[in-house]
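Chemist:
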Amino acid sequence: MSSDVIAIDGPAASGKSTAAKKLSERLGIPYINTGNMYRAITWHAMSQGVAIEKPSETTFAKLLDSLELDYIKNKKDEFEIFVNGSFPGTAIRSPEVASGVSAVAALPLVRKWLLSKQRAMTKLGLLVMEGRDIGTEVFPDARFKFFLTASALVRAKRRLAQEGETYDGATLESVAREIEERDKKDMSRAVAPLRKADDALLVDSSDMTIEEVLDRLESIVRNGMGR
Numbered sequence: 000m001s002s003d004v005i006a007i008d009g010p011a012a013s014g015k016s017t018a019a020k021k022l023s024e025r026l027g028i029p030y031i032n033t034g035n036m037y038r039a040i041t042w043h044a045m046s047q048g049v050a051i052e053k054p055s056e057t058t059f060a061k062l063l064d065s066l067e068l069d070y071i072k073n074k075k076d077e078f079e080i081f082v083n084g085s086f087p088g089t090a091i092r093s094p095e096v097a098s099g100v101s102a103v104a105a106l107p108l109v110r111k112w113l114l115s116k117q118r119a120m121t122k123l124g125l126l127v128m129e130g131r132d133i134g135t136e137v138f139p140d141a142r143f144k145f146f147l148t149a150s151a152l153v154r155a156k157r158r159l160a161q162e163g164e165t166y167d168g169a170t171l172e173s174v175a176r177e178i179e180e181r182d183k184k185d186m187s188r189a190v191a192p193l194r195k196a197d198d199a200l201l202v203d204s205s206d207m208t209i210e211e212v213l214d215r216l217e218s219i220v221r222n223g224m225g226r
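Residue numbering for the sequence shown follows numbering that gives the first Met the number 0, beginning at 0 and increasing consecutively.
Here is the structure:
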């Protein structure tokens, strides 16, 4: 029996967060961004003075023992992540957190600790869950699996546009290289490396608008559910 999950995986800046959130809105079901879980842990570790350049499992074991992560609905009926009862807001998306989250996410202890929490989300019913290993590790039996990607250059343009920055060719190439480096780290880590599940649908959005991506995903899900 498959899990009632729409799994959306993909590399950094592939547009999976936007697609997952908007798809959940179209379908009227919950959306969970698992990347925020790793960012929240990284942010919490940094706020406690923990070195994250070369994170220690021993240190993180102690940190996780006293850590509570909860998803709580806001006034817009959206789930937001809380760390020990406090809402970190945009702090979990700071450049400092972004630069350290890969190392933290590579720790087997952290991934194992989050795995049970992510799987427990099915109590919400059918939901959209987005990350890098949802269809391969968290819910290999997910009812629907999508893997979103795009060229590094397109992803760099989208990231810069999202941040509202003006840029030249050199800046664009620099960001594209950073994205490629992040891809290498994510794909080569020992535990739950980034990869497309064998039974996931690959969606390359390099030449697609977000609406075109959404239309395709929604059509597949609705047809599969008979809705």
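Positions of the beta carbon are idealized from the N, C-alpha and C atoms, including for glycine. Keep in mind the model is a prediction, meaning the values are calculated, not measured.
Do you know offhand how far Ile51's Cα is from Gln161's?
Modeler: By one-based count along the sequence shown, residue 51 stands at place 52. By one-based count along the sequence shown, residue 161 stands at place 162. If I take the Cα positions, the gap works out to 26 Å.
Chemist: Could you check what DSSP says for Glu52 in three-state terms: helix, strand or coil?
Modeler: Here residue 52 refers to the residue found at position 53 of the sequence shown. Reduced to three states, the DSSP call for Glu52 is coil.
Chemist: Helix, strand or coil for Phe59 per DSSP?
Modeler: As a working note, residue 59 is residue 60 in the sequence shown. Three-state DSSP puts Phe59 in a helix.
Chemist: Among Ile31, Ala196 and Lys20, which one has its Cα closest to the Cα of Glu210?
Modeler: Here residue 210 corresponds to residue number 211 of the sequence shown, with the count starting at 1. It is Lys20.
Chemist: Between the Cα of Pro29 and those of Glu77, Arg181 and Lys53, spot the shortest distance and give me the residue it belongs to.
Modeler: By one-based count along the sequence shown, residue 29 stands at place 30. Residue Glu77 is the option with its Cα nearest to Pro29.
Chemist: Checking 8 Å against the spacing of the C-beta atoms, do Arg142 and Val96 come in under that value?
Modeler: To locate residue 142, count along the sequence shown from 1; it is residue 143. To locate residue 96, count along the sequence shown from 1; it is residue 97. For Arg142 and Val96, no; Cβs fall outside 8 Å.
Chemist: Within this structure, are the beta carbons of Ala105 and Gly14 separated by less than 8 Å?
Modeler: Here residue 105 is taken as the residue at index 106 of the sequence shown, counted from 1. Here residue 14 is taken as the residue at index 15 of the sequence shown, counted from 1. Not a contact, by the Cβ cut-off of 8 Å.
Chemist: Does the Cβ of Leu26 have 16 or more other Cβ atoms within 10 Å, making it buried, or fewer, making it exposed?
Modeler: In the sequence shown, the residue the question calls residue 26 occupies position 27. That one is buried.
Chemist: Might you give, ordered along the chain, the residues of its own chain that have their beta carbon closer than 7 Å to the beta carbon of Gly9, omitting 5 neighbours on each side?
Modeler: Indexing the sequence shown from 1 puts residue 9 at position 10. Closer than 7 Å at the Cβ level, and outside the excluded window around Gly9, lie Lys15, Phe146, Leu147 and Thr148.
Chemist: Compute the Euclidean distance between the alpha carbons of Ser101 and Leu113, then round it to the nearest angstrom.
Modeler: If you number the sequence shown from 1, residue 101 lands on position 102. If you number the sequence shown from 1, residue 113 lands on position 114. Rounded to whole angstroms, Ser101 to Leu113 spans 15 Å at the Cα level.
Chemist: With 8 Å as the threshold, decide whether the Cβ of Asp214 is near any Cβ in chain C.
Modeler: Absent from the structure is chain C; it holds one protein chain and no more.
Chemist: Inspect the CB distances between the segment 199-218 and the segment 32-49 and report whether three or more fall short of 8 Å.
Modeler: No, they do not touch.
Chemist: What are the uninterrupted segments assigned as beta strand (DSSP E) that are 3 or more residues long and contained completely in the segment 89-146, given in chain order?
Modeler: The qualifying runs are 126-130.
Chemist: What is the DSSP secondary structure of Val82, reduced to helix, strand or coil?
Modeler: Here residue 82 corresponds to residue number 83 of the sequence shown, with the count starting at 1. Of the three classes helix, strand and coil, the one that applies to Val82 here is strand, per DSSP.
Chemist: Buried or exposed, going by whether 16 or more other CB atoms sit within 10 Å of the CB of Ile71?
Modeler: Position 72 of the sequence shown holds residue 71. Ile71 is exposed by the Cβ-count criterion.
Chemist: Count the CB pairs spanning the segment 152-169 and the segment 62-70 that are closer than 8 Å, and state whether there are at least three.
Modeler: Contact fails: fewer than three Cβ-Cβ distances are below 8 Å.
Chemist: What span of residues does the beta strand (DSSP E) with Asp167 cover, start to end?
Modeler: Start at 1 with the first residue of the sequence shown, and residue 167 comes out as number 168. No beta strand (DSSP E) holds Asp167; DSSP gives it neither H nor E.
Chemist: Do Lys144 and Gly6 count as a contact pair if the criterion is CB distance below 8 Å?
Modeler: Here residue 6 is taken as the residue at index 7 of the sequence shown, counted from 1. Here residue 144 is taken as the residue at index 145 of the sequence shown, counted from 1. Note on identity: in this sequence residue 6 is Ala, with Gly being the wrong assignment. A contact, by the Cβ cut-off of 8 Å.
Chemist: Who are the Cβ neighbours of Val103 in its own chain at under 8 Å, not counting the five residues just before and after it?
Modeler: Indexing the sequence shown from 1 puts residue 103 at position 104. Cβ within range, chain order: Tyr37, Ile40, Thr41, Ala44, Ile51, Pro54, Phe59 and Val109.
Chemist: Taking C-alpha atoms, which residue in Ile133, Pro94, Lys184 and Arg158 lies nearest to Glu172?
Modeler: Position 173 of the sequence shown, counting from 1, holds the residue named residue 172. Selected option, being the one with the closest Cα: Arg158.
Chemist: Since Leu200 sits in a beta bridge, which residues does DSSP pair it with?
Modeler: Taking the sequence shown and counting its residues from 1, the one referred to as residue 200 is at position 201. Answer is Phe145, bridged to Leu200.
Chemist: Could you give the first and the last residue of the continuous alpha helix (DSSP H) run that contains Val220?
Modeler: Here residue 220 is taken as the residue at index 221 of the sequence shown, counted from 1. Ile209 to Met224 is the span of the alpha helix (DSSP H), which, as asked, contains Val220.
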